[in-house]
Amino acid sequence: MTAAERGTRDARGASGSAGDGNGATRDARRVRIVPGGPILVEGPVDMTTPDGHRVCSDRFMVAVCACRRSKNYPLCDTSHRRKVRPTDTDDAQG
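When we follow my numbering, the leftmost residue of the sequence shown carries the number -16, and every step to the right adds one.
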């Protein structure tokens, strides 16, 4: 039995079909969450932002912003790298 025949579970644990309702199955996308960085999604991707704006990319790998600092949101522009991090001396001074 294939994964498409078994169905899938979403993040809430709800079960559902991996197909689109017409008998066709979607290809699984690999997603990698980078600590302190973006969410990397194998492309192509088609995203809709909370305000309804549609963002499409046909790149082989798409970096989705997780920090919401990107000037190109929802795509990552590496703004997370400019975050000021405390130094060891700041921690010692408390």
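Cβ atoms here follow ideal geometry from the backbone N, Cα and C, with glycine treated the same way.
The model shown is predicted, which means the values in this text are computed figures rather than measured ones.
When the beta-carbon positions are compared, residue 24 and residue 45 come within less than 9 Å of each other. Of all alpha-carbon atoms in 41, 21, 56, the one lying nearest the alpha-carbon of residue 29 is that of 41.
Counting the other CB atoms within 10 Å of its CB gives residue 47 a total of 16 or more, which places it among the buried residues. For residue 62, the three-state secondary structure derived from DSSP is helix.
Annotated as proximal: residue 52 and residue 65, with beta-carbon spacing under 9 Å.
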